[in-house]
Each structure stands twice: as structure tokens, then as C-alpha cells.
Amino acid sequence: MGETITFWVLAVISVGAALGMVFNRKAVYSALMLGTVMLCLAVLYAVQEAPFLAAVQIIVYTGAVMMLFLFVLMLVGVDSSDSLVETLRGQRFWAAIAGLGFAALIVLAVGNAVFSTQAGLAAATAQGGYIRSIALLLFTKYVFAFEITSALLITAALGAMVLAHREREEKKVTQKEQSRARFLGDRPSPLPGPGTYARNNAIDMPALLPDGSVAESSVNRYIARYDVERGLLPEDPKLAEAIKHRAEEESK
Numbered sequence: 001m002g003e004t005i006t007f008w009v010l011a012v013i014s015v016g017a018a019l020g021m022v023f024n025r026k027a028v029y030s031a032l033m034l035g036t037v038m039l040c041l042a043v044l045y046a047v048q049e050a051p052f053l054a055a056v057q058i059i060v061y062t063g064a065v066m067m068l069f070l071f072v073l074m075l076v077g078v079d080s081s082d083s084l085v086e087t088l089r090g091q092r093f094w095a096a097i098a099g100l101g102f103a104a105l106i107v108l109a110v111g112n113a114v115f116s117t118q119a120g121l122a123a124a125t126a127q128g129g130y131i132r133s134i135a136l137l138l139f140t141k142y143v144f145a146f147e148i149t150s151a152l153l154i155t156a157a158l159g160a161m162v163l164a165h166r167e168r169e170e171k172k173v174t175q176k177e178q179s180r181a182r183f184l185g186d187r188p189s190p191l192p193g194p195g196t197y198a199r200n201n202a203i204d205m206p207a208l209l210p211d212g213s214v215a216e217s218s219v220n221r222y223i224a225r226y227d228v229e230r231g232l233l234p235e236d237p238k239l240a241e242a243i244k245h246r247a248e249e250e251s252k
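In C-alpha cells:
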């Protein structure tokens, strides 16, 4: 009874999260919905007395794969608009073919599960426990599919590296050349840290130089624009003027 209730509760949550993942327009929310689906699958594995698969589902998929998705989102950005231009010719046709093939696989899998005889958990793990039974199936009966999947993953990783690689058009600047250009420029020293010699040790407060003047370059231009737009300027007119000037430089 408890197993049935757990299945139906998690089934509703999984289907709802899967639909939310597909139809959500924000990539971060879609990733979180995918994590919800994976956690529900892990609980279902645990309920079916498959602790090894439940642990792998949480550690590998929910942990490693989801972290990879989030890292990609942080690197690429979630505010960039999606391009509606199709760069590959005929991709809709091949996508439809792939969708039909996947639907056929789903129908065959469901039909095999419904109409085939049930082996039972005891017969499936009779060769020495969960891990040994899975290892025997992977490296004996399904070794070809296992090797093909590994080759596919390696090919996908190499393809991603090739697509992300960009040839350098100009010579890479060495550290010695950067140091030489820095000392030949107008400012050989690093930028002053925000809040240095100031009354408030805050990142949005300009630094005061030893002579008492305001160092406008110590304030991040994005933070300065934020303070100006929301009226969060300090009471000191010199500091407020420096922040306004810095914000004007950012808007140019």
C-alpha cells in the first residue's frame, strides 16, 4: 500500500516537473525541474529495493550532471536572447524523424514491460547481489550497448571541445609584455580598492587618496550606475559627485 501511494505521489511530481522543464522559458528553472525529476527517480529506485541505482542516480546524475548544467548556465549566461535562425538545414525534418524513432522505442519498451513475464527481484539479483548482477549484465549481455554508449559520450565530449575551440588570431600577450605595457601607461600601480581611507568600508564607496581627493576609479561602474538609478548616493557631495561621474562613464 505504501509503495503504491509513493509511486503515485512521485509520478505526479515527476510528470509536473518534466512538463515544467520543457515549457519553462528560463533555463535555470528548467535545470531545477530536471533535478526534481532525477530525485524522484532516485526515490522510486530506493522504493523498488535498488539502493545502488538510487545512489548512482543521486551522485552521478543529480550531483555531477546537474552541476555541469548549472556551470554551463553560469558561463553562457541566462540573459542572452535565443537565436531563432536555423543554422543547420533540414534540422526540423531530422528532429521529427528522431522523435518518431524515440516514440517507437518508448512503445516497444512499454510493450515489453507489460506483456513479458516478470522475473522478480529475487531472480534478478540471484547472481550475488545488486552490484554484481548489474556488472554481469553490463559486461556480458549488454556489453556492446555499453561500449557504444561510452563511445558516443566520448565523441560528444570531443565534439563540444572542437565546437568551443577558437583559433587565436593574434599572438598571446605574455606576462612580461603586460607588465612592460602597464609601466609605460598612465597608471603603473593597481586600481585603489573601494573603501580605502574612506569613512565607510564598502564596495560602493569611493576611496580617498592620501591628499584627500576622491579616487573615482575605485568604484565599480556598474555599482555606481545602480546607486545613481536608485538614489543611494552618500551624503558627502564629493563622494556623490564621484559616483555620478563614474556612472556617466559607464553609460557612454
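The sequence shown: position 114 = 114 (full-length UniProt numbering), numbered continuously.
C-beta atoms are modelled at their ideal positions from N, C-alpha and C, and glycine is treated no differently.
Original post:
With distances taken between CB atoms, is the gap from residue 253 to residue 206 smaller than 8 Å?
Top reply: This structure cannot settle anything about residue 253, because the visible part of the chain is limited to 1 through 252.
**OP:** Would you kindly work out how many angstroms separate the C-alpha atoms of residue 242 and residue 184, rounded to a whole number?
**Re:** Answer to the nearest angstrom: the Cα atoms are 27 Å apart.
Original post:
So, helix, strand or coil for residue 214, using DSSP?
Top reply: Of the three classes helix, strand and coil, the one that applies to residue 214 here is strand, per DSSP.
Original post:
Is residue 142 near residue 51, with beta carbons less than 8 Å apart?
Top reply: Contact: no.
Subject >> Close-in-space but distant-in-sequence residues of the same chain around residue 245 (CB under 7 Å, 5 per side omitted) >> reply: The residues are 216.
**OP:** Using the Cα positions of residue 18 and residue 67, report the straight-line distance between them to the nearest angstrom.
**Re:** Near 18 Å, if we compare the C-alpha coordinates of residue 67 and residue 18.
Original post:
Considering residue 51, what are the terminal residues of the alpha helix (DSSP H) in which it resides?
Top reply: Where residue 51 is concerned, the enclosing alpha helix (DSSP H) stretches over 51-56.
Original post:
What's the gap between the Cα of residue 114 and the Cα of residue 47?
Top reply: Take the alpha-carbon of residue 114 and the one of residue 47: they are about 20 Å apart.
**OP:** Starting from residue 61, follow the alpha helix (DSSP H) in both directions and report where the run begins and ends.
**Re:** Boundaries cannot be given for residue 61, as no alpha helix (DSSP H) includes it and DSSP labels it neither H nor E.
Subject >> Beta-bridge partners of residue 207, as assigned by DSSP >> reply: Beta-bridge partners assigned by DSSP to residue 207: 215.
**OP:** Taking residue 22 as the reference, give the member of 94, 9, 228 and 37 with the closest Cα.
**Re:** Measuring from the Cα of residue 22, the nearest candidate turns out to be 37.
**OP:** Using the Cα positions of residue 229 and residue 173, report the straight-line distance between them to the nearest angstrom.
**Re:** Cα-Cα distance, rounded: 38 Å.
Subject >> Same chain, Cβ closer than 6 Å to residue 196, five either side skipped, listed in chain order >> reply: Bear in mind that a pLDDT of 47 at residue 196, under 50, signals an unreliable position, so the number given afterwards is only what the model happens to contain. So the list reads 207, once near-sequence residues are dropped.
**OP:** Could you tell me the distance, in whole angstroms, from the CA atom of residue 70 to the CA atom of residue 210?
**Re:** Put simply, the backbone Cα of residue 70 is about 44 Å away from that of residue 210.
Original post:
When the Cα of residue 214 is compared with those of 73, 239, 168 and 16, which residue comes out closest?
Top reply: Ranking 73, 239, 168 and 16 by Cα distance to residue 214 puts 239 first.
Subject >> Whether residue 42 touches residue 54 by CB criterion (8 Å) >> reply: The Cβ atoms of residue 42 and residue 54 sit closer than 8 Å to each other.
Original post:
Can you give the Cα-Cα distance for residue 253 and residue 102, rounded to whole angstroms?
Top reply: The chain is shown from 1 up to 252; residue 253 falls before or after that span and cannot be answered.
Original post:
So, is residue 175 buried or exposed, given that buried needs 16 or more other C-beta atoms within 10 angstroms?
Top reply: Result: exposed.
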